[in-house]
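Chains as they are written, first to last, in the numbering used here: chain A, 1 to 553; chain B, 1 to 707.
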């Protein structure tokens with residue numbers, strides 16, 4: 001497979017294809033007749049998914065560096081580049097995005113009945129935005145994509161949402177836009193500091209990481225970035241936009257929101273917050289604070305979730321609980337913690353995405369989301385009930401499912417760093433059962449009393465096609481997560497080394513970024529053509545993509 | 001990574017051990033597929049307002065015929081494979097476990113967990129019990145569940161349970177064990193709530209799962225502690241290093257053992273987490289026999305025996321195990337005295353007997369604990385299946401006359417021996433076994449535990465062990481009482497089912513009673529695999545006539561040896577006399593005579609009571625009501641734990657989340673809007689505009705770049 005992909009020159013074009021094909025798809029959806037919109041969107045998203053699957057083989061797990069790097073100048077005077085690359089952290093986020101987009105589009109077929117063209121166009125626009133966030137290695141570019149994702153989601157909630165859709169959409173927008181603005185200010189500060197220090201204008205990831213900052217500067221910049229990401233995750237107490245957004249969003253909106261948009265926040269933690277401001281991120285008070293917020297997310301939102309009358313709101317709250325495990329794992333700053341956090345991100349993407357799809361399927365049948373309106377429907381929808389049960393168990397981390405791997409590793413990692421925090425967080429396994437099982441019981445078990453429930457249909461072939469792969473993924477990762485873990489490990493180690501300064505003796509920033517190749521220990525950076533040549537000698541495979549940074553061309 | 005195997009008999013060559021786990025999995029997948037197919041059909045029927053019916057009229061469909069062969073078949077085959085391995089292991093000289101690694105499960109950082117199984121004498125015994133007793137219960141189920149519309153689903157669940165149970169007992173590391181541990185918990189959940197449209201049954205399943213998760217929390221934290229201490233979670237490595245790494249009686253090992261104990265109390269239904277097991281009787285009776293008597297609930301005992309090295313290093317942890325076991329044994333037995341539901345009596349009996357096993361592994365007699373686990377699997381499975389046969393008969397009789405009476409209430413039974421002679425006889429065999437009457441299986445296993453508890457009375461914490469010993473003796477007498485009461489109320493005296501109903505009472509079909517007879521044979525002879533030397537040489541052992549003296553003890557020695565060594569070194573081993581004098585033989589004779597006397601006396605007393613059918617009866621008063629109401633523990637937990645948590649949750653939602661957190665956020669929003677009013681002089685202030693400008697901005701920038 002690797003040879004085949006190399007022969008296609010896969011590594012050279014794939015990231016660009018993933019970024020721009022959705023836009024091509026969007027145009028074709030807009031130009032084609034309305035009745036074809038959904039099939040076109042499905043076709044394009046499937047094509048993108050298939051193309052993206054090659055990353056699984058093309059990606060080299062041995063290195064923690066960015067791979068498939070390519071860059072060309074965009075806004076020369078400001079030193080802005082169109083620079084994209086993947087590493088072990090973004091790899092699975094990209095795959096999760098391409099997968100989720102297909103699933104969400106297929107899940108919209110019956111749900112979305114008005115303005116179909118606009119809807120599917122927005123879904124594809126969202127795909128570009130989210131993939132852009134995950135592959136951008138230029139902070140300006142990152143910020144642009146970050147903001148782009150806001151727009152389609154705002155409209156998806158605001159146009160195709162439920163009764164209080166405007167309130168929810170505005171709330172969603174204001175919360176995230178507020179965080180984004182703070183991030184922009186911090187980003188610009190960082191940029192000007194870098195320019196002042198080196199005299200070179202650059203938004204490149206590697207260059208901005210190079211900036212030397214005092215602890216005080218780090219703290220404030222950390223706070224700004226952290227707030228932006230924490231709102232997105234969302235971390236308690238910035239989470240209240242999420243239940244509202246989920247409840248009002250149409251099914252596909254909820255799926256995308258839970259599966260990938262939230263991940264942008266935790267991805268930001270890993271990609272920017274920790275490597276950029278390592279001293280602030282490691283400050284004991286900061287770690288304690290973040291971990292406490294993570295734990296509040298796990299325990300408190302589990303309680304809140306347990307008493308929700310609205311099934312969708314319940315699942316929305318459980319998202320906060322799951323992301324709490326990610327926050328804990330990240331701020332544990334141990335390999336196990338980070339790896340666990342990443343697996344939770346993947347697992348939550350699949351399982352919560354599936355839960356929202358399943359709730360959507362129930363809604364399409366009964367036009368209600370209230371738990372009390374159901375009851376005993378396992379009798380008439382045995383397949384749906386089976387899929388729901390498996391997904392719910394994945395969500396609460398039953399061993400043998402992906403949920404367990406993530407929770408277990410992030411808890412192990414947390415325990416290694418802060419045992420007391422680990423113990424308190426582990427109580428989440430109890431509360432997870434406390435919020436999930438009563439809901440499952442009230443919906444699928446108990447007596448089948450209501451006539452409307454008795455007439456419900458079981459899964460259709462289309463629905464089986466959606467849920468089948470998701471359930472398979474949950475169980476696959478549960479029993480054999482090694483292929484995932486091994487692809488992420490080197491990048492996770494690279495982040496940790498940067499944060500903990502294990503390689504402090506190496507010239508900053510590239511040593512810290514993990515730009516060290518081969519045995520010789522040559523230092524390779526993205527910014528330096530000479531070094532790029534060195535790396536070309538050491539690793540010819542990478543060299544094609546190792547294009548020098550634009551502003552020095 | 002093969003174990004270091006050498007010796008006179010040669011190395012142990014496992015015979016496809018993975019097959020033991022794989023077969024039930026295949027069974028699950030096949031039955032599961034059939035269940036999904038059948039589910040579609042019955043759903044269609046329900047939608048049209050009919051009850052799903054696969055039985056009557058014409059022939060049973062394939063979905064309801066194949067499970068009969070697949071379900072018991074795969075477990076039977078797994079038993080055969082286990083037996084082959086057992087024979088090979090017997091012929092070999094095995095000192096260290098043989099590890100079979102299939103793939104790397106989790107590998108990250110320094111943590112490496114492999115999907116690996118461990119074959120040693122302990123896992124071998126457990127494999128045989130799980131597949132052997134499991135097979136018999138599967139066969140029984142063919143008769144018991146034959147008319148249930150969910151027949152394939154039932155066997156899918158049951159096969160899945162056996163799969164996870166085998167992972168539990170064969171796993172070579174804590175996380176792999178934990179897969180089985182939570183897996184069986186999940187199967188228990190779906191099997192208790194098998195008839196899920198009955199709210200009470202669904203509630204019981206949910207309760208079991210949540211209570212078990214409290215225990216699992218302890219297990220998880222114990223794993224974290226072990227990992228940070230040893231850097232691995234594999235059994236072999238941890239147990240090898242433990243004596244040198246851990247301080248005897250130190251805080252760390254005590255914490256680990258207490259946390260593991262919390263896990264064990266959940267799974268094995270001990271105080272304080274026993275409350276789910278009586279409710280678990282809502283499941284089909286063969287499920288109660290398999291999961292809630294013979295196998296799953298003994299997982300805690302197995303786990304303590306498996307981690308015996310750790311428990312031996314933690315005298316306080318071990319004492320806690322024994323104390324909880326003894327307290328549970330006595331406490332549950334008293335509740336068993338006053339219950340009328342035949343399955344509830346057996347449920348409390350199971351809790352009580354599990355308490356004995358805890359005492360066994362708690363006092364350091366690990367082989368004795370496993371011994372009682374095994375014999376209990378035989379006679380308790382027999383009792384449950386026997387009660388299942390009774391309930392089956394009662395159900396049919398009551399069904400025929402459309403009676404609403406409870407088929408499980410012993411007040412509605414009486415005199416059943418006339419109708420079901422085989423069931424009657426085999427259940428008496430089991431009763432004598434559980435009551436500890438010589439020479440039935442329970443006599444040897446229970447007596448050994450009591451003996452070892454007493455034999456610890458001179459070491460550290462001696463007074464506590466004396467107390468435990470007394471509690472065990474008392475509970476043994478209570479066992480004899482409540483079991484005799486059950487037998488007399490069910491099978492003897494006058495029949496209280498009703499004139500019309502009595503005509504329809506009948507013996508169970510062969511597919512049900514044959515497994516009962518097999519279990520009855522095991523309940524008689526099963527105890528002979530571990531007859532203590534002192535008894536074997538006396539008249540109770542026919543002066544050496546009973547074979548295999550202390551065989552199980554020797555068999556398990558490679559596994560329990562290291563822990564026994566630690567005990568001998570630090571705690572001084574076991575005394576050779578009971579707390580108040582007397583040797584093993586004397587106390588054995590005393591206890592079995594006392595038990596026999598209690599059986600005879602209580603049979604007479606219970607026969608003398610004129611029970612009324614349930615609907616004519618009134619609730620007991622005084623102390624009997626307290627027992628009947630199970631000391632009001634459920635009510636207590638409800639008031640102290642469940643309701644406060646729910647109240648707290650509502651508070652968290654309504655007041656904290658919606659009120660404060662969201663209130664502040666919205667408040668800031670209004671504040672911003674007030675300022676925004678000024679801004680509206682220049683802008684529209686609407687989000688749409690903002691979005692519009694954002695997009696326009698991006699486009700402008702893009703345009704600049706392009707041109």
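For each residue, glycine too, the CB sits at the ideal point set by N, CA and C.
Alpha carbons only, please: which of the options is nearest the one belonging to residue i?
i, options, result
"residue 143 of chain B", "B:285, B:208, B:247, B:27", "B:285"
"residue 77 of chain B", "B:127, B:42, B:145", "B:127"
"residue 159 of chain A", "A:70, A:484, A:252", "A:252"
"residue 182 of chain A", "A:279, A:73, A:229, A:325", "A:229"
"residue 174 of chain B", "B:463, B:273, B:113", "B:113"
"residue 472 of chain B", "B:449, B:485, B:488, B:489", "B:449"
"residue 350 of chain B", "B:417, B:368, B:360, B:269", "B:269"
"residue 258 of chain B", "B:218, B:603, B:235", "B:218"
"residue 261 of chain A", "A:295, A:389, A:86, A:128", "A:128"
"residue 104 of chain B", "B:96, B:93, B:176", "B:176"
"residue 468 of chain A", "A:493, A:138, A:351", "A:351"
"residue 66 of chain B", "B:35, B:40, B:517", "B:35"
Which word fits residue i, buried or exposed, when buried means at least 16 other C-beta atoms lie within 10 angstroms of its C-beta?
i, result
"residue 369 of chain A", "buried"
"residue 82 of chain B", "buried"
"residue 72 of chain B", "buried"
"residue 19 of chain A", "buried"
"residue 90 of chain B", "exposed"
"residue 404 of chain B", "exposed"
"residue 101 of chain A", "buried"
"residue 13 of chain A", "exposed"
Which residues in chain B have a C-beta closer than 9 angstroms to the C-beta of residue i? List them in chain order.
i, result
"residue 489 of chain A", "107, 108, 109"
"residue 292 of chain A", "Result: empty, since nearest Cβ-Cβ is about 15 angstroms, beyond 9 angstroms."
"residue 454 of chain A", "46, 47, 49"
Counting only the same chain and skipping the five closest in sequence on each side, list residues whose C-beta sits under 8 angstroms from that of residue i.
i, result
"residue 682 of chain B", "The predicted position of residue 682 of chain B is uncertain, since its pLDDT is 49 and thus under 50; a value taken from the coordinates is nonetheless stated next. Taken in chain order, the list of residues that qualify is empty."
Using C-beta distances below 7 angstroms, list every residue in its chain close to residue i, excluding the 5 sequence neighbours before and after it, in chain order.
i, result
"residue 32 of chain B", "156"
"residue 52 of chain A", "18, 94, 95, 98"
"residue 182 of chain B", "216"
"residue 592 of chain B", "436, 437, 438, 443"
Could you tell me which chain A residues have their CB closer than 8 angstroms to the CB of residue i, listed as they occur along the chain?
i, result
"residue 202 of chain B", "441, 445, 446"
"residue 20 of chain B", "Simply none; closest approach about 18 angstroms."
For residue i, which residues in the same chain have their Cβ closer than 6 angstroms to its Cβ, ignoring the five residues on either side in sequence?
i, result
"residue 628 of chain B", "338, 620"
"residue 138 of chain B", "71, 72, 75"
"residue 325 of chain B", "355, 358, 359, 362"
Which chain B residues are close to residue i, counting only those with a beta carbon under 8 angstroms from its beta carbon?
i, result
"residue 381 of chain A", "43"
"residue 471 of chain A", "Result: empty, since nearest Cβ-Cβ is about 12 angstroms, beyond 8 angstroms."
"residue 246 of chain A", "Chain B residues near residue 246 of chain A: none, gap ~14 angstroms exceeds 8 angstroms."
Run through chain A and tell me which residues come within less than 7 angstroms of residue i, C-beta to C-beta.
i, result
"residue 669 of chain B", "174"
"residue 216 of chain B", "429"
"residue 183 of chain B", "399, 400"
"residue 257 of chain B", "Chain A residues near residue 257 of chain B: none, gap ~16 angstroms exceeds 7 angstroms."
Strictly below 7 angstroms CB to CB, what residues from chain B border residue i?
i, result
"residue 300 of chain A", "652"
Within the segment 312-353 of chain B, note down every full alpha helix (DSSP H) run reaching 4 residues or more, in order along the chain. As far as the segment 312-353 of chain B is concerned, its whole alpha helix (DSSP H) runs of at least 4 residues are 315-336.
Could you tell me which uninterrupted alpha helix (DSSP H) segments, each at least 4 residues in length, are contained entirely in the segment 163-245 of chain B, listed from first to last along the chain? Correct list: 174-192, 199-230, 235-245.
My parser needs the alpha helix (DSSP H) runs of 4 or more residues fully inside the segment 607-660 of chain B; what are they? Here the runs fully enclosed are 622-628, 633-637, 643-650.
Could you name each continuous alpha helix (DSSP H) segment of 4 residues or more that falls completely within the segment 52-98 of chain B, going from the start of the chain to the end? The DSSP assignment places 66-91 as complete runs of the alpha helix (DSSP H) inside the segment 52-98 of chain B, in order along the chain (cut-off: 4 residues).
Taking only runs of the alpha helix (DSSP H) that begin and end inside the segment 489-548 of chain B, which ones reach a length of at least 4 residues, in chain order? Those alpha helix (DSSP H) runs which fall completely within the segment 489-548 of chain B and span 4+ residues are 499-502, 510-525, 533-536.
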